[in-house]
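Protein chains in written order, with UniProt numbering: chain L, 1 to 382; chain S, 1 to 370; chain H, 1 to 285.
Where a beta carbon is used, it is the ideal one built from N, C-alpha and C, also for glycine.
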Amino acid sequence: MSDAMLRLVNVDKYYGPLDHGVAAVKNINLEVEKGEIIALLGSSGCGKTSTLRMVAGFEAVSRGKVFLSGREVQNLPPVKRNVAMAFEGYSLYPTVTVRDNIAFALKAARLPESEVTKRVAEVSEMLEITSILDRFPSSISGGQQQRASLARALIRDADLHLLDEPMGQLEPQLRTLLRGRIKYYIKERGLTAILVTHDQTEANALADRIAVMEGGVLQQYASPEEIKERPANLFTGTFVGEPPMNVFPASVTAAGGKLHIDLRGDTRGDLRAGLDLIYAESDFAQPVRERMLGKRDVVIGVRPYAVHRAAQGAAAQVVANQWLGDQSHIAASFAGKSIVLVEHDRAVLSEGETIAVEIRPNDLHVFDAETGMAMSHGQELA
Amino acid sequence: MTISLKNIEKSFKTDTVLDGVSLSVDTGETLVLFGPSGAGKTVLLRLIAGVIEPEAGEIWVNGVNMDGVEPEDRGIGMAFQNFALFPHMDAFANIASPLTARRQSKSVMRQTVDQVAKLLKIDHVLHHKPKELSNGQKQRTALARALAAQPSILLLDDPLRNVDAKLRFEMRLELPRLLKDQNATVIYVTQDYKEAMALGHRIAVMSNHGIQQIGTPEDIYLRPANIEIARLFGDPVINLLSVRPERGANGVVVNLSDTPIEMAAGFEATIGTDCVLGLRPEALHFVPEGTPGAIPVEVETETPLNEKTVTLALTARKREIMVSRPAGSPGPSRGRAYLLVDAGQALLFDRESGARIAPSTHNGLQEDVA
Amino acid sequence: MLTTSPIERILRGLAITLVCLFFMFPIVWIFLMSFQTNETILRIPPSVVFAPTLDNYQALITGKLETAAGMLEINFMRNLGNSLFLSATSVAIGLLLGVPAAYAFARLKFKGSEDIAFTLLSFRFAPPLLVLLPLTIYFQQLGLANTYGGLIWVYQLIVLPLILWIVRGYFEDIPADIEYAYRIAGHDFWSTFRRIALPLAGPGIAAAGLLSFIFAWNNFVFALVLASADKQPVTVGALAFVTASGIQYGQVAAGIVLSIAPTFALALYAQRYLVEGLSLGAVKG
Numbered sequence: 001m002s003d004a005m006l007r008l009v010n011v012d013k014y015y016g017p018l019d020h021g022v023a024a025v026k027n028i029n030l031e032v033e034k035g036e037i038i039a040l041l042g043s044s045g046c047g048k049t050s051t052l053r054m055v056a057g058f059e060a061v062s063r064g065k066v067f068l069s070g071r072e073v074q075n076l077p078p079v080k081r082n083v084a085m086a087f088e089g090y091s092l093y094p095t096v097t098v099r100d101n102i103a104f105a106l107k108a109a110r111l112p113e114s115e116v117t118k119r120v121a122e123v124s125e126m127l128e129i130t131s132i133l134d135r136f137p138s139s140i141s142g143g144q145q146q147r148a149s150l151a152r153a154l155i156r157d158a159d160l161h162l163l164d165e166p167m168g169q170l171e172p173q174l175r176t177l178l179r180g181r182i183k184y185y186i187k188e189r190g191l192t193a194i195l196v197t198h199d200q201t202e203a204n205a206l207a208d209r210i211a212v213m214e215g216g217v218l219q220q221y222a223s224p225e226e227i228k229e230r231p232a233n234l235f236t237g238t239f240v241g242e243p244p245m246n247v248f249p250a251s252v253t254a255a256g257g258k259l260h261i262d263l264r265g266d267t268r269g270d271l272r273a274g275l276d277l278i279y280a281e282s283d284f285a286q287p288v289r290e291r292m293l294g295k296r297d298v299v300i301g302v303r304p305y306a307v308h309r310a311a312q313g314a315a316a317q318v319v320a321n322q323w324l325g326d327q328s329h330i331a332a333s334f335a336g337k338s339i340v341l342v343e344h345d346r347a348v349l350s351e352g353e354t355i356a357v358e359i360r361p362n363d364l365h366v367f368d369a370e371t372g373m374a375m376s377h378g379q380e381l382a
Numbered sequence: 001m002t003i004s005l006k007n008i009e010k011s012f013k014t015d016t017v018l019d020g021v022s023l024s025v026d027t028g029e030t031l032v033l034f035g036p037s038g039a040g041k042t043v044l045l046r047l048i049a050g051v052i053e054p055e056a057g058e059i060w061v062n063g064v065n066m067d068g069v070e071p072e073d074r075g076i077g078m079a080f081q082n083f084a085l086f087p088h089m090d091a092f093a094n095i096a097s098p099l100t101a102r103r104q105s106k107s108v109m110r111q112t113v114d115q116v117a118k119l120l121k122i123d124h125v126l127h128h129k130p131k132e133l134s135n136g137q138k139q140r141t142a143l144a145r146a147l148a149a150q151p152s153i154l155l156l157d158d159p160l161r162n163v164d165a166k167l168r169f170e171m172r173l174e175l176p177r178l179l180k181d182q183n184a185t186v187i188y189v190t191q192d193y194k195e196a197m198a199l200g201h202r203i204a205v206m207s208n209h210g211i212q213q214i215g216t217p218e219d220i221y222l223r224p225a226n227i228e229i230a231r232l233f234g235d236p237v238i239n240l241l242s243v244r245p246e247r248g249a250n251g252v253v254v255n256l257s258d259t260p261i262e263m264a265a266g267f268e269a270t271i272g273t274d275c276v277l278g279l280r281p282e283a284l285h286f287v288p289e290g291t292p293g294a295i296p297v298e299v300e301t302e303t304p305l306n307e308k309t310v311t312l313a314l315t316a317r318k319r320e321i322m323v324s325r326p327a328g329s330p331g332p333s334r335g336r337a338y339l340l341v342d343a344g345q346a347l348l349f350d351r352e353s354g355a356r357i358a359p360s361t362h363n364g365l366q367e368d369v370a
Numbered sequence: 001m002l003t004t005s006p007i008e009r010i011l012r013g014l015a016i017t018l019v020c021l022f023f024m025f026p027i028v029w030i031f032l033m034s035f036q037t038n039e040t041i042l043r044i045p046p047s048v049v050f051a052p053t054l055d056n057y058q059a060l061i062t063g064k065l066e067t068a069a070g071m072l073e074i075n076f077m078r079n080l081g082n083s084l085f086l087s088a089t090s091v092a093i094g095l096l097l098g099v100p101a102a103y104a105f106a107r108l109k110f111k112g113s114e115d116i117a118f119t120l121l122s123f124r125f126a127p128p129l130l131v132l133l134p135l136t137i138y139f140q141q142l143g144l145a146n147t148y149g150g151l152i153w154v155y156q157l158i159v160l161p162l163i164l165w166i167v168r169g170y171f172e173d174i175p176a177d178i179e180y181a182y183r184i185a186g187h188d189f190w191s192t193f194r195r196i197a198l199p200l201a202g203p204g205i206a207a208a209g210l211l212s213f214i215f216a217w218n219n220f221v222f223a224l225v226l227a228s229a230d231k232q233p234v235t236v237g238a239l240a241f242v243t244a245s246g247i248q249y250g251q252v253a254a255g256i257v258l259s260i261a262p263t264f265a266l267a268l269y270a271q272r273y274l275v276e277g278l279s280l281g282a283v284k285g
């Protein structure tokens, strides 16, 4: 059909009997184009690793089909799928040096010695492991092992590169730099890669598209910008993004040309009472307004960078103002909960100070409180 | 001064862990011990708690020398990185354990536990055993236990290490108020520079068996003592470029890709010496072609990082440079681009020793380094 | 991949049955023997079809053994009582001494602690026969020969190293931070030991107790040499069935059934602890 590098069609994974065992992955459909980097993102137990292992062939597909560059592969053993994989637990061969670990697949493919040497030098320079190439895996640090494992996967010519939590152990000082280099390396060579991660920062940094998973179900599959600006539901909205999206349960009413968004505050009720955000009806496009008014209970979401301090606005009291060198994170008690603001300059605010915050209509995400599904983003319907 | 350490030495077998550490923490202050793993942060906390003994040096708490004082008599609250909850007791009994030691009545105990549990939002899981708690609840239970007896000294050993990113963020914003309300003197251990900057009134940077620098977050970030510390704070990591300052038309200049960058005043002494220029990624800005003083670079790739966009670029001499800007602001994602350096934010280090060179002020004095 | 074919399932079942038969056979056979007379036991070919009799058990319980040469007095029930008393007391004392020692070896790394711990374990390596002769002489001189006290003392050689090494592993498995946390909360060393270390090592202590009970119960050599008839445990007492007129297989079988019953029951009851305790001890030791 299409010329996608990888295609998952109605894939299920059950541990135990089909339909009665433990469902790890439920009816997943996913396409990865050639040259694309995609991230399977979710917390532990969301099914992302099972999905990856089914693609690699370490796990049987309970139902559905897997196509890899046009071939149906779900019944092929891993070696016949032409897939390279970097494992979460490093899994370097302990009896040979880092160099031989990295060169292993190339040597097995009988590439000329000079070519192998050249490629090993290239990839190890990128990952800063040149100085440890002749050491054995047990004598290098966890971060170095992980980089060696990455090198072993990235050096190969394969239809698909699978990277399972590839950077969890990396030294914090190197992480951002290596992300940049790895992304460049993959893009330069036109490789297709799938990375599995629980870290939304990593997914955002590397991926062209992110597949957000939860409870074995694919929640949203879209570009990082799309997920940020148009999260499909409350789960992706709050899972992707750091600091996380501010959310408030609310009800919407219209009166006298005004739209009242009544934030109900903390449901536990032992904090400050709720707050009424008032907008002009004309602030919202007609269809958006109608949809908001059509539901009794909604959840309002707003990204921390979209909350602005303004001369006039709803009152909030500063709880914490934390400067991180290049950003300030401000938490303020607001509508009986707390609201988080991100500013790129150093904010001069002390605890207890009252500020006025403004939430612009275009930055409002509205979710159905019952189903969690997105209703609108700014002026657009979801 | 509530906690005062004098020349603490500690080694395990033949490995020196702490080599002459001195430190003092004021009442109500939160001091963050920051450093890579193996720097001896946890050991230092344990010494203060009294569960291990130093080979040499003195530990004073509230004016009392702790030599020979058993841990149970030191009046300290501590939270552990791995939570260290008592697995055979429910959350209530865990939190109440400092109170049972003080032989308080059942009703006082219940009231205190309820109060601290409510504060930490775990009052609904008090009858659960640790294995029935989520990671976040475990962490809050451990914190509640440390707070229950309202100790004047609170030792927090990387308490947010083992909780997920979202919870860690939430707690980071919540903790300062909690600690302030306790009015306790706090020593907080972390490996996360953001936590250190967010929570510490002062930060003590540890490495090589000792304290490398101690100061406010501002001191550490803007005036790091050396290259090593500059690299530990900030994400992406600071750009470091070898330079040799020269005399320019209006003072000291350094050359980047044959483009002279004018340094701030006070660096005359560095002329002709081997230096390292430290440029924070946020001190670099993309500008249109032809802007005076702009350096040409080749942009390799762009990686979003939280609310920022990080760009990896190569200078004409193939040196890597990272630039960060607020997410959503315009910038190149590939190919040729031009960078302007905010010289006011540039740091200069001695290449051989790695120490930062502080600009001298006009009256010849060195700037005040706390 | 994860599904199994019917043939595989049948083969697997067959293999399991074979293994079970192989290991259970002696016990089942002895159990059957205990309900037979010597004649039916010794007939050739052997058969599983017989008229069951309770004579063997009756003889053991009343202490009157009918043999071809006449009636013989035996003391089986007394032996059984001795076994119970000796094993239980030894284990109780062993736990009292061994558990705190195990804690010390696990937590307080003092000079030579490893050597001492190993020396204690090495008692298990020495063949008992090697120490038996000097032990007998000393015990006779000290007046400990043929006393319960003396036997219990010697039983510590069996019981203590076992308890020490199993329980030590359990104590080492408790994160030190948990104990530190309790100390810092304001509790002293002893209450930390009582309220934290002991309960958390509970399964290990139970396993060590059970296992050493079984080892003590099965001991033969020490009791054979150091105890006379009235202090003998069942293991030694069973020798009485080897009479001048032949071996009383039926009674031997009944004796075995009666004497393994308590340990068998214990082992079944605490199987999980035992396996855990053993594997942990093995890994840690």
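Within the stretch 186-209 of chain H, the residues whose Cβ lies closer than 7 angstroms to some Cβ of chain S are Gly186, His187, Asp188, Ile196, Pro199, Leu200, listed in chain order. The C-beta distance from Glu58 (chain S) to Lys6 (chain S) rounds to 4 angstroms, short enough to meet the 8 angstroms contact threshold. The beta-bridge partner set that DSSP reports for Thr197 (chain L) consists of L:Leu41. Contact between the stretch 137-151 of chain L and the stretch 159-172 of chain L is present: three or more C-beta pairs spanning the two stretches fall below 8 angstroms. Judged by beta-carbon spacing, Val298 (chain L) lies within the 8 angstroms limit of Phe367 (chain L), meaning their Cβ atoms are closer than that value. Not flagged as an interface residue toward chain L: Thr315 (chain S), since no C-beta distance is shorter than 8 angstroms. Between Val22 (chain L) and Gly64 (chain L), the CB-CB gap reaches or exceeds 8 angstroms. Counting C-beta pairs with one atom in each stretch, the stretch 151-161 of chain L and the stretch 69-89 of chain L have three or more that are closer than 8 angstroms, which means they touch. Contact of Lys166 (chain S) with chain L by beta-carbon distance below 7 angstroms involves Pro244.
At least one beta carbon of chain S lies nearer than 8 angstroms to the beta carbon of Val319 (chain L).
Per DSSP, reduced to three states, the secondary structure at Cys46 (chain L) is coil, with no helix or strand assignment. When DSSP assignments are scanned along the stretch 35-114 of chain H, the uninterrupted stretches of alpha helix (DSSP H) that are 4 or more residues long and fall wholly within it turn out to be 38-42, 55-62, 76-107.
Bounds of any alpha helix (DSSP H) do not take in Pro260 (chain S); it lies within the beta strand (DSSP E) bounded by 259-262.
Residues of chain S with a Cβ closer than 8 angstroms to the Cβ of Tyr182 (chain H) are, in chain order, Phe86, Ser97. Looking at the DSSP output, Asn321 (chain L) shares a beta bridge with L:Ile330. In the DSSP annotation of this structure, Gln212 (chain S) is not part of any alpha helix (DSSP H); the continuous beta strand (DSSP E) holding it starts and ends at 210-215. Judged by their CB atoms, Val236 (chain H) and Ala244 (chain H) are not nearer to each other than the 8 angstroms cut-off. Per DSSP, Asp67 (chain S) is not a residue of any alpha helix (DSSP H), being assigned neither H nor E. Taking 8 angstroms as the threshold, the shortest C-beta distance from Gly278 (chain S) to chain L does not fall below it.
Taking 8 angstroms as the threshold, the shortest C-beta distance from Gly325 (chain L) to chain S falls below it.
Under the 8 angstroms criterion on CB atoms, Ser139 (chain L) is classed as non-interfacial with respect to chain S.
Between the stretch 177-187 of chain H and the stretch 96-116 of chain S, the count of C-beta pairs closer than 8 angstroms reaches three or more; the two stretches touch. Look at Leu177 (chain L): its C-beta is under 8 angstroms from a C-beta on chain S.
When 9 angstroms is used as the limit between beta carbons, Met197 (chain S) is near these residues of chain L: Gln322, Trp323, Leu324, Gly325, in chain order. L:Gly301 is the residue among L:Gly301, L:Glu72, L:Tyr184 whose C-alpha sits nearest the C-alpha of Pro249 (chain L). The beta strand (DSSP E) runs lying completely inside the stretch 107-161 of chain H and spanning 3 residues or more number zero.
DSSP places Met213 (chain L) inside the beta strand (DSSP E), whose first and last residues are 209-214. Exclusion of the five residues before and after Ala310 (chain L) leaves Ala356, Val357, Glu358 as the residues of its chain whose Cβ lies within less than 8 angstroms of its Cβ. Chain order gives the chain S residues near Asp177 (chain H) as Phe80, Asn82, Ala84, where near means a beta carbon separation below 7 angstroms. For Gly344 (chain S), the CB contacts under 6 angstroms within the same chain, skipping 5 residues up- and downstream, are Ala264 in chain order. In the three-state reduction of the DSSP assignment, Phe241 (chain H) falls in the helix class.
Interface flag for Val237 (chain S) against chain L is set, since a Cβ pair is found closer than 8 angstroms. Glu125 (chain L) counts as exposed, since fewer than 16 other C-beta atoms from the protein chains shown sit within 10 angstroms of its C-beta.
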